[in-house]
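For the sequence shown, position 621 matches number 621 in full-length UniProt numbering, and the numbering has no gaps at all. Ideal placement from N, C-alpha and C gives every residue a C-beta, glycine not left out. Here the structure is a predicted model, which means the values were calculated and not measured. Data first, discussion second: the structure below is written as structure tokens.
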Amino acid sequence: MKWLSKNAGLFTVKTCIAAFLALYIALELNLDKPAWAMVSVYVISQLYSASTLSKALFRFFGTVLGGIFIFLVYPLTVTHPLLFSLSVSLWVACCLYLSLHDRTPKSYVFMLAGYSAAIMGFADVTTPLSITYTVISRIEEITVAIICSSLVHMLVFPVKMRNLLENSVSHWFDSAKNLCNELLTVESKETSPEREQILVQMANYPIAVETLITHCAYEGDSARKLIRLVSAQYQHLSYLIPTLTAIEKRLSLLAVQGIAFPDFVAQSFSSFLVWLNSPEQSGHAQAIKADINASQERIKALYRRGEMSAEEGLLLIGLLERLLNFIRIADSYFGAKERVSQLGPERKRSRHKLIRKHRDKGLILLSSFTAFFATLLGCLFWIGSGWKDGSSTPMIAAVVCSFFASLDSPIAPMKVFLKGVLIAIAISVLYVGLLIPMTVTFESLIICLAPGLLALGLVIANPATNFIGLIIATQIPGFIGMTHDLKPDLLSIINASISTIVGILLAVIVTAIIRNRRPAWSARRVLRKGIKELLQFTGEIKIDASSLLSRQQYVASMIDKINIILPRNKIDPTPGVALGGNLIAEIWLGVNCYDFYARHQAAIKEHQLETDAVMFEINQYFKQRLRNIHLEPPQSLLTELNRLLIKTEGLCRADMTLFRPLFYLFNIRMTLYPTQRWPAL
Numbered sequence: 001m002k003w004l005s006k007n008a009g010l011f012t013v014k015t016c017i018a019a020f021l022a023l024y025i026a027l028e029l030n031l032d033k034p035a036w037a038m039v040s041v042y043v044i045s046q047l048y049s050a051s052t053l054s055k056a057l058f059r060f061f062g063t064v065l066g067g068i069f070i071f072l073v074y075p076l077t078v079t080h081p082l083l084f085s086l087s088v089s090l091w092v093a094c095c096l097y098l099s100l101h102d103r104t105p106k107s108y109v110f111m112l113a114g115y116s117a118a119i120m121g122f123a124d125v126t127t128p129l130s131i132t133y134t135v136i137s138r139i140e141e142i143t144v145a146i147i148c149s150s151l152v153h154m155l156v157f158p159v160k161m162r163n164l165l166e167n168s169v170s171h172w173f174d175s176a177k178n179l180c181n182e183l184l185t186v187e188s189k190e191t192s193p194e195r196e197q198i199l200v201q202m203a204n205y206p207i208a209v210e211t212l213i214t215h216c217a218y219e220g221d222s223a224r225k226l227i228r229l230v231s232a233q234y235q236h237l238s239y240l241i242p243t244l245t246a247i248e249k250r251l252s253l254l255a256v257q258g259i260a261f262p263d264f265v266a267q268s269f270s271s272f273l274v275w276l277n278s279p280e281q282s283g284h285a286q287a288i289k290a291d292i293n294a295s296q297e298r299i300k301a302l303y304r305r306g307e308m309s310a311e312e313g314l315l316l317i318g319l320l321e322r323l324l325n326f327i328r329i330a331d332s333y334f335g336a337k338e339r340v341s342q343l344g345p346e347r348k349r350s351r352h353k354l355i356r357k358h359r360d361k362g363l364i365l366l367s368s369f370t371a372f373f374a375t376l377l378g379c380l381f382w383i384g385s386g387w388k389d390g391s392s393t394p395m396i397a398a399v400v401c402s403f404f405a406s407l408d409s410p411i412a413p414m415k416v417f418l419k420g421v422l423i424a425i426a427i428s429v430l431y432v433g434l435l436i437p438m439t440v441t442f443e444s445l446i447i448c449l450a451p452g453l454l455a456l457g458l459v460i461a462n463p464a465t466n467f468i469g470l471i472i473a474t475q476i477p478g479f480i481g482m483t484h485d486l487k488p489d490l491l492s493i494i495n496a497s498i499s500t501i502v503g504i505l506l507a508v509i510v511t512a513i514i515r516n517r518r519p520a521w522s523a524r525r526v527l528r529k530g531i532k533e534l535l536q537f538t539g540e541i542k543i544d545a546s547s548l549l550s551r552q553q554y555v556a557s558m559i560d561k562i563n564i565i566l567p568r569n570k571i572d573p574t575p576g577v578a579l580g581g582n583l584i585a586e587i588w589l590g591v592n593c594y595d596f597y598a599r600h601q602a603a604i605k606e607h608q609l610e611t612d613a614v615m616f617e618i619n620q621y622f623k624q625r626l627r628n629i630h631l632e633p634p635q636s637l638l639t640e641l642n643r644l645l646i647k648t649e650g651l652c653r654a655d656m657t658l659f660r661p662l663f664y665l666f667n668i669r670m671t672l673y674p675t676q677r678w679p680a681l
């Protein structure tokens, strides 16, 4: 975004107006800390009106929850400093634990409830009788900020989020379409970094779209239909990554083996590319599907007559099958608009979900313990030093540990946070020492602060500098200490600054010792979780307890994990991980096992195919991979697959009803041993 774009200019002016309006109302209402109203405006305000309103509501509910906790616990524990410190630290950790279970913006409610209790509780330990006033005043200050920020951003040149949401889904599909076009038109035997980058971008789209949907819901009835449409579309688009990688894999194998496309397959490809690059793909999808199905039947006929080898035919049919998958996804994507438009206003979206989103319980517990330990250490430092202004140490430790708990490696952004605080301290000292003493009225205070706040608004509006700009803007009013007499105390600023820096350093040190992990570490944990789900799914298949619903749940759950792994592998790759280390091979393995064993169980039994040994070897291999993710598939598994593949192919020549089971069995072998050619007799 340009520094002086229209949206950036609107944002900074509106936020500045809302901040001064909130400060004025807080002063008029004689609230305890008017600066908090000003700070909250900058915390709440977003470029888009809907996200401003949603964050405002989340902040209100979080503050109320934190206030209720302090109101209940404070009278029972405040006379026992260690017990009070332990109670608040546990509350921060428990709230963070609940927050990290939600990967949407709604998680802000519980996170804020945690550190808001620390902010309200630690500030008033020297005046315990005023806790009720402090809690109520804090909620009032936040409420004033919420009202001012929401009204200004919703009423004064509101910036709608609809286009951003629509464009995100469109860009998602366009990225997939361009990658598919490149795969089919540019000959390449190896995956290029550019293709990997596109896949990483596509892996990031689901969480981005879910975030936009959460915020866009606050645009009211006008956005409701769009949300229903996008919710339907993005569920279909999430299947694109495994589909595109499967297309790429088969094209690569065909190129390596020098298998040329028959003329009718080449013609199907040409028709597919024409359809793919047409302005509206949905119009001719049925015709393209019929053409590809006809090509598959011709390949089967050539194989039956012995005019095409089994390996060549299965690879070509597999490639055409994945093109059909892409067409189905695209058709569902475009058809979602028509289906949603047919739903009446009273019709509600189904609440049934295919999956529970992946949550790393171990990492969540570790993050929560880190916040608990850092907050408690800050309290012990405060108690041991007997320093009145030391209350900022556990406060800011709780805030910093909570803010960055969802990141794999929080140390780098924590250092940026420290840098922002140091800049805010320098600016605050400049204001207090030179400018604020010259202000004698509220109007003169506006003149004094407005240029700096407007500049910070532009910094916040730029995505590249949003984070550090937000830190500076939210710290300055607190350091200046915007009180009713407008006479900041330089000594108090210095004390608060030192205490804040100590709290941040404490959070950084504790996080570095306990919590900091590489992205590859997190990716490996997700990978192992995915392998466990594969073992569970194949176990269900083995005892005939699987179903089409369980297959769908397995696929959706694995795709969610793939979207977590791919960006982390790009940042911090782990070399030598078997089967790619991203669960894409595992997702296809589970699907093909179901399609082979469950869907064609009758044909397998009819022809007395011994399949138990293959399933046993697959399960044994993945159990071993839980201990060593670098372990390649063993020779014993390949031997069993070759035995079953040769026997099935021999029977298939006489009975083409076995062709589909043969196809899925070949896919299992290709997933595990992509470089192995057709087994010799």
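How is residue i classed by DSSP in three states: helix, strand or coil?
{"i": "V399", "result": "helix"}
{"i": "E28", "result": "helix"}
{"i": "M161", "result": "coil"}
{"i": "T657", "result": "helix"}
{"i": "T538", "result": "helix"}
{"i": "E187", "result": "coil"}
{"i": "E533", "result": "helix"}
{"i": "H358", "result": "coil"}
{"i": "E610", "result": "coil"}
{"i": "W387", "result": "coil"}
{"i": "W678", "result": "coil"}
{"i": "R103", "result": "coil"}
{"i": "D544", "result": "coil"}
{"i": "P634", "result": "coil"}
{"i": "M482", "result": "coil"}
{"i": "N277", "result": "coil"}
{"i": "Q257", "result": "coil"}
Within 10 angstroms of the Cβ of residue i, are there 16 or more other Cβ atoms? Answer buried if so, exposed if not.
{"i": "A223", "result": "buried"}
{"i": "Y333", "result": "buried"}
{"i": "V459", "result": "buried"}
{"i": "R627", "result": "exposed"}
{"i": "L72", "result": "exposed"}
{"i": "F157", "result": "exposed"}
{"i": "Y108", "result": "buried"}
{"i": "N30", "result": "exposed"}
Could you pull out every residue in the same chain whose Cβ sits closer than 7 Å to the Cβ of residue i, ignoring the five residues on either side in sequence?
{"i": "Q296", "result": "I317, L320"}
{"i": "L240", "result": "A176, M202, I329"}
{"i": "N466", "result": "I460"}
{"i": "K289", "result": "L324, I327"}
{"i": "I541", "result": "C593, Y594, Y597, A598"}
{"i": "T211", "result": "T104, P105"}
{"i": "S87", "result": "V73, T77"}
{"i": "P661", "result": "F596, H600, A603, I604, T648"}
{"i": "T15", "result": "V41, Y42, S45, G457"}
{"i": "A56", "result": "I44, I146, S149, S150"}
{"i": "P477", "result": "A35, M38, V39"}
{"i": "E120", "result": "A quick correction: the sequence has Met, not Glu, at residue 120. Answer for M120: G66, G67, I70, T134, V135, R138, listed in chain order."}
{"i": "R298", "result": "F264"}
Output needed for residue i: all residues of its chain with C-beta closer than 8 Å, excluding positions within five of it in sequence on either side, in chain order.
{"i": "T79", "result": "P128"}
{"i": "W588", "result": "P242, A246, N667, T671"}
{"i": "V13", "result": "L454, G457"}
Once you ignore the five residues that flank residue i on each side, which residues in its own chain have a CB closer than 6 Å to its CB?
{"i": "N592", "result": "Y664, N667, I668"}
{"i": "D408", "result": "R517, P519, S522"}
{"i": "L637", "result": "E617, Y621"}
- Any chance the stretch 265-278 sits against the stretch 641-654, with 3 or more Cβ pairs inside 8 Å? no
- Answer yes if the stretch 606-625 comes into contact with the stretch 550-560, meaning at least three C-beta pairs across the two stretches below 8 Å, and no otherwise. no
- Query: Within the chosen definition, does the stretch 166-181 reach the stretch 239-254 through at least 3 CB pairs nearer than 8 Å?
  - Reply: yes
- Query: Taking contact to mean at least 3 C-beta pairs separated by less than 8 Å, is the stretch 469-482 in contact with the stretch 30-38?
  - Reply: yes
- Is the stretch 151-165 in contact with the stretch 49-67, if contact means three or more CB pairs nearer than 8 Å? yes
- Query: Does the stretch 374-387 come close enough to the stretch 499-516 that 3 or more CB-CB pairs lie under 8 Å?
  - Reply: yes
- Task: Tell me, please, whether the stretch 257-264 touches the stretch 94-113 by the rule of three or more beta-carbon pairs shorter than 8 Å.
- Result: no
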